[in-house]
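Report on one structure; see the data block that follows.
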Amino acid sequence: MTGFAASQGAGLGHEWSWEIRSVNGKGLDLRLRLPELEGLEVGVRREVAAVATRGNIQISLRLSRQGGGETLRVNHLALDAALDAVMAAEVAAKDRGVTIVAPNPVEILAMRGVLDHTVAPLENPTVLTELLLEDVQTALADFLAMRVAEGRELGQIIAAQIERITELTHAADHAAAARRPEVARNLRDNLARVMEGAHGADEARVAQELALLAVKADITEEIDRLRAHITAAWALLGDPGAVGRKFEFLTQEFVREANTLCSKSSDAALTAIGLDLKYAIDQMREQILNVE
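Quick note: the sequence shown uses my numbering, first residue 24, plus one each step.
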């Protein structure tokens, strides 16, 4: 299921921004881009696992010091070397009759190595981690709200697809029922032709074989199972928990029954209904991939 959320915060001399993105996935694939703070990654994974069980989720955190957090320190060894170099340059220029302008202090401090830029060590890193984990809950709440809203829309789409599958299942049942008199008549005609062309054949045995063929062509069991799957689909759709994986398995059972129905059909109208049924199930399966 797709989702997005972003939030910003500040505290303990730091500023930060969270960004959470997700796309569809069969399982939970969590990818993190976090600064190195002890306990932060473990805590973020724990918070995500509490609200999501499926999807490819990416979480990034940008953390910076307020005011930069850098201190400047003069490297006296480098400063002495720089001053010695300036003096040597002045002496060499004077010997050759060249006048040069002495560098000012700012130019000397800008020479490589004269100033050290150091970042002050973190104060209370554990407290900062706790503050960040508390703040990520806000971003995750917004992220979850977006997924819930998308889930409602998906629920309406899937409900319409279940209704379509229900209609086609009823249509297949009615088409099969309408064919039963014809199937019985064909069975009697076939039996008469076989007995007429096969002198001495066991009529009971021939009738039994034809009856077996008729049973194999009967789709009553497939219709019953499709109806049971429809009932299960409505139950899953009303379940507030994570049902995506269960729904995937159920669509596989739908596909199996629709395929069997088509393979048993010897009637053009029933075959057309079976093909429409397979198409409707496939459409539902594609939407189920988005379900948590």
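Glycine residues also receive a C-beta, built at the ideal position from the N, C-alpha and C atoms.
CA-CA distance, valine 71 to asparagine 313, rounds to 18 Å. Burial check for aspartate 158: the Cβ neighbour count within 10 Å reaches 16 or more, so the residue is buried. Under the criterion of beta carbons closer than 8 Å, isoleucine 246 and threonine 192 qualify as touching, at roughly 6 Å.
Two segments are said to touch when three or more pairs of C-beta atoms, one from each, lie closer than 8 Å; by this definition the segment 284 to 293 touches the segment 195 to 202. Under the 8 Å Cβ criterion, the segment 256 to 272 counts as touching the segment 173 to 189, having at least three qualifying pairs. Apart from the 5 residues on each side of it in sequence, glycine 66 sits with its Cβ closer than 6 Å to the Cβ of Leu156 in its chain, given in chain order.
For the 8 Å CB-CB criterion, leucine 51 and arginine 88 do not form a contact. Judged by DSSP secondary structure, valine 109 falls within the alpha helix (DSSP H) whose first and last residues are 99 to 118. Its chain contains Gln310 as the residues whose beta carbon lies nearer than 6 Å to that of isoleucine 180, once the 5 sequence neighbours on both sides are disregarded; these appear in chain order.
Under a 10 Å Cβ-count criterion, methionine 307 is classified as buried, with 16 or more other Cβ atoms of the shown protein chains found around its own Cβ.
Just measuring C-alpha positions, the residue of Leu86, Gly136, Glu153, Asp299 sitting nearest glycine 62 is Glu153. Leucine 151 places its beta carbon less than 8 Å from that of leucine 60. In this structure, Ala125 is the residue among Ala125, Thr243, Asp241, Leu55 with its C-alpha nearest to the C-alpha of alanine 111. Contact annotation: valine 97 and valine 129 have beta-carbon atoms that are not nearer than 8 Å. Leaving aside the five residues that flank phenylalanine 270 on each side, the residues in its chain whose CB is nearer than 7 Å to its CB run, in chain order, Leu259, Ile311, Val314. Between phenylalanine 166 and alanine 73, the CB-CB gap reaches or exceeds 8 Å. Following the DSSP letters along the chain, one finds alanine 295 inside the alpha helix (DSSP H) bounded by residues 291 to 311.
By the CB criterion at 8 Å, serine 40 and glutamine 31 fall inside the cutoff. Within the model, the alpha-carbon separation for glutamine 275 versus arginine 69 is close to 32 Å. Counting every other CB atom within 10 Å of its CB across the protein chains shown gives glutamate 244 a total below 16, marking it as exposed.
Counting only residues of its own chain and dropping the five nearest sequence neighbours on each side, asparagine 47 has a CB closer than 6 Å to the CB of Leu312, Asn313. Cβ atoms of histidine 37 and leucine 86 come within 8 Å of each other, at about 6 Å. Relative to threonine 25, the option among Arg170, Ala251, Leu298, Phe272 whose CA is nearest is Arg170.
For the pair alanine 105 and isoleucine 131, the CB atoms are nearer than the 8 Å cut-off. Exclusion of the five residues before and after arginine 250 leaves Thr192 as the residues of its chain whose Cβ lies within less than 7 Å of its Cβ. The beta-bridge partner set that DSSP reports for histidine 37 consists of Gly34, Arg88.
Annotation: the continuous alpha helix (DSSP H) that includes arginine 268 extends over 267 to 287. In the DSSP assignment, leucine 55 falls outside any alpha helix (DSSP H) and within the unbroken beta strand (DSSP E) covering 51 to 56. Counted as a single uninterrupted DSSP element, the stretch harbouring glutamate 59 is not any alpha helix (DSSP H), since DSSP gives it neither H nor E.
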